Amino acid sequence: MVGEEKMSLRSRLSKYSENPEQEEAQKNLLDTQRNGHITMKQLIAKKRQLAAEAEELKPLFLKEVGCHFDDFVTNLIEKSASLDNGGCALTTFSILEEMKNNHRAKDLRAPPEQGKIFISRRSLLEKIELFEVDHIRTIYHMFIALLILFILSTLVVDYIDEGRLVLEFNLLSYAFGKLPTVIWTWWAMFLSTLSIPYFLFQRWAHGYGKSSHPLVYSLVHGSLFLVFQLGILGFVPTYVVLAYTLPPASRFILILEQIRLVMKAHSFVRENVPRVLNAAKEKSSTVPVPTVNQYLYFLFAPTLIYRDSYPRTPTVRWGYVAMQFLQVFGCLFYVYYIFERLCAPLFRNIKQEPFSARVLVLCVFNSILPGVLMLFLSFFAFLHCWLNAFAEMLRFGDRMFYKDWWNSTSYSNYYRTWNVVVHDWLYYYVYKDLLWFFSKRFKSAAMLAVFALSAVVHEYALAVCLSYFYPVLFVLFMFFGMAFNFIVNDSRKRPIWNIMVWASLFLGHGVILCFYSQEWYARQHCPLKNPTFLDYVRPRSWTCRYVF
1 MVGEEKMSLR SRLSKYSENP EQEEAQKNLL DTQRNGHITM KQLIAKKRQL AAEAEELKPL
61 FLKEVGCHFD DFVTNLIEKS ASLDNGGCAL TTFSILEEMK NNHRAKDLRA PPEQGKIFIS
121 RRSLLEKIEL FEVDHIRTIY HMFIALLILF ILSTLVVDYI DEGRLVLEFN LLSYAFGKLP
181 TVIWTWWAMF LSTLSIPYFL FQRWAHGYGK SSHPLVYSLV HGSLFLVFQL GILGFVPTYV
241 VLAYTLPPAS RFILILEQIR LVMKAHSFVR ENVPRVLNAA KEKSSTVPVP TVNQYLYFLF
301 APTLIYRDSY PRTPTVRWGY VAMQFLQVFG CLFYVYYIFE RLCAPLFRNI KQEPFSARVL
361 VLCVFNSILP GVLMLFLSFF AFLHCWLNAF AEMLRFGDRM FYKDWWNSTS YSNYYRTWNV
421 VVHDWLYYYV YKDLLWFFSK RFKSAAMLAV FALSAVVHEY ALAVCLSYFY PVLFVLFMFF
481 GMAFNFIVND SRKRPIWNIM VWASLFLGHG VILCFYSQEW YARQHCPLKN PTFLDYVRPR
541 SWTCRYVF
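Each residue of the sequence shown is one higher than the one before, counting from 1 in UniProt numbering.
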């Protein structure tokens, strides 16, 4: 990448040197100088020309310098981390020599045997102080202004229809209904995740070296852990969601927490089992079992990769925490008004006509705007505000929860940078473990397994939370997303590919919002008295004429 930028920079310089008009102007200037004088007009023209050339070359120069600096910092961190594992001595000259031989732009990622490296760093929107730049802050102000207009629109329309100001939030109160059930279920999930995996691992770790049949001993404890993951943590929250008929937002809280705790428990066991095995192999007298406090901190920390300790910040800025939570609630009300003003009228007032391509196309394109707004809001509310609030309260230092996904020119880069927290878990515990277990020759199969797992989990969450199975997201994720990952890959660097990524994201979110909203309203207006299992997987929106 750096080499390409360097060639581009050289080509720009050569272009200026090979320009015949420029050479002619330089020749005339030299002739003028030889005659013993130079006019003010010629001097001003030359200055303007040099300023234009410098302005055009400036972004290329800054980009190349930035790539070199990223390489230097990345190699510095990875080399320093290798010292803990008996690595070679670290010198600035060795790093510069390695950079000279191999200029690469790559993510901050340790070698496979070391795992993820945690360092103190701020989130990208704060790291480069984007919100301190007037132009970027203006975009933030535009979103606030749009929220105010949504609120005013709702109040004015309600006043015209009802003759009074209606300050009720019926949709919001319905979506987050039955919160007491959500709270006690979450406590049961959390306490079981805190106690059972830790107890099983501690018992296995202390008894592994003393057991006469370590393989059988490990299989028994591994089976018990698997029963907890699937039978208790995987089944009980789903049963509560369905048995108590929780509303959609309350369901999402429990199901997303269920998935998060399953991933946390897996990471805790996956990171600590090799340490116990190495200690037993070396016949060490001490068993490396983390403390309960370390495990408890990990359960709340905004990461899915377990470590005994993380980089910590010196203090907690409680004003910053309050501001982040305030922005989360602001985004929540923003989504409410988007549904109230853009989505509900679209699907409630859609004409009573049969399912057709025309109705579908109009629905998709009318859903693009609210879909894109919810994309931005979900990113800002969760990946930036929510995770940064918990990181600040826990003094968690590494806050790289996302990268500059908006600059992606390929889907492979978008998948790596959109949600770094989940991507790290999939990369180290699915992709890398599959390559280690089978062979590095099966990289495509390992990537396919990652896509399949991610698509299944996403569709599971939507199916349970919406009470119907409509695999639109699965098809988009598993087929189109995977195809784009190979077709629109990292070799695509031109700006046109960034436009293609954004266009496909806009269209994809419009498709998702349209299909799932149509199906939701179809099942509300065309209920079945005695639904069978097939009725939960058969699309109702294709036959319900009350919605179409």
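Glycine is no exception: its CB is placed at the ideal position from the N, C-alpha and C atoms.
Computed from a prediction, not measured in an experiment: that's the story for all the values here.
Can the beta-carbon of residue i be found less than 9 Å from the beta-carbon of residue j?
i      : j      : result
Phe479 : Gly371 : no
Tyr521 : Arg348 : yes
Phe300 : Phe390 : yes
His509 : Leu375 : yes
Leu246 : Lys178 : yes
Arg312 : Phe396 : yes
Val236 : Ala175 : no
Leu434 : Ala449 : yes
Ser444 : Leu426 : no
Gly115 : Tyr428 : yes
Val472 : Phe515 : yes
Cys363 : Leu342 : no
Leu277 : Tyr334 : no
Phe268 : Tyr217 : no
Tyr337 : Leu147 : yes
Leu215 : Ala344 : no
Phe477 : Glu459 : yes
Determine which residues share a DSSP beta bridge with residue i and list them.
i      : result
Arg312 : Phe396
Arg307 : DSSP, once it has assigned bridges, lists no residue as partnering Arg307.
Arg121 : Asp398
Going by beta carbon distance, what residues of the same chain come within less than 6 Å of residue i, once the five residues before and after it are set aside?
i           : result
Leu369      : none
Phe325      : Ala389
Pro248      : Ala175 and Cys465
residue 562 : An answer regarding residue 562 cannot be provided, because it is not within the stretch 1 to 548 covered by the chain.
Ser431      : Note that residue 431 is Tyr in the sequence shown here, rather than Ser. Correct list, in chain order: Ala446 and Val450.
residue 554 : There is no way to answer for residue 554, as the model of the chain reaches only from 1 to 548.
Short of 7 Å in beta carbon distance, which residues of its chain neighbour residue i, apart from the five on each side in sequence? Order them along the chain.
i      : result
Asp404 : Leu124 and Thr417
Ala280 : Tyr208 and Gly209
Val241 : Arg251, Leu254, Ile255 and Val464
At the level of alpha carbons, what is the spacing between residue i and residue j?
i      : j      : result
Met500 : Thr409 : 8 Å
Gln202 : Val289 : 7 Å
Asp535 : Arg317 : 52 Å
Pro314 : Met393 : 11 Å
Gln524 : Asn485 : 37 Å
Phe225 : Ser153 : 53 Å
Val157 : Lys529 : 36 Å
Val475 : Arg122 : 35 Å
Val262 : Leu200 : 15 Å
Val537 : Ile487 : 32 Å
Arg12  : Leu50  : Annotation note: pLDDT 47 at Arg12 (below 50); position unreliable, coordinate value reported separately. One C-alpha to the other measures close to 14 Å.
Asn419 : Ser491 : 21 Å
Ser211 : Arg399 : 42 Å
Tyr244 : His213 : 45 Å
Pro539 : Tyr470 : 7 Å
Leu296 : Ser504 : 41 Å
Gln294 : Val422 : 21 Å
Val457 : His266 : 15 Å
Val511 : Leu360 : 9 Å
Tyr415 : Tyr320 : 29 Å
Glu340 : His206 : 57 Å
Phe143 : Phe150 : 11 Å
Phe365 : Pro302 : 36 Å
Pro180 : Phe190 : 15 Å
Thr291 : Leu194 : 12 Å
Glu282 : Pro274 : 12 Å
Phe298 : Ser309 : 9 Å
Gly330 : Arg358 : 36 Å
Take the Cβ of residue i as the centre, count every other Cβ of all protein chains shown within 10 Å, and call the residue buried at 16 or more, exposed below.
i           : result
Ala446      : buried
Trp204      : buried
residue 565 : What the structure shows of the chain is the stretch from 1 to 548, and residue 565 is not part of that stretch, so it cannot be assessed.
Ile183      : exposed
Ser439      : exposed
Leu230      : exposed
Thr543      : exposed
Pro197      : buried
Ala381      : buried
His141      : exposed
Ser367      : buried
Phe437      : exposed
Arg407      : It should be noted that the sequence gives Asn, not Arg, for residue 407. Asn407 comes out exposed.
Leu462      : buried
Tyr468      : buried
Suppose the cutoff is 8 Å on Cβ atoms and the five residues either side in sequence are ignored; what does the same chain contact list for residue i look like?
i      : result
Ser192 : Phe228, Ile232 and Leu233
Leu304 : Arg260, Met263, Lys264, Ser267, Val421, Val422, Asp424 and Trp425
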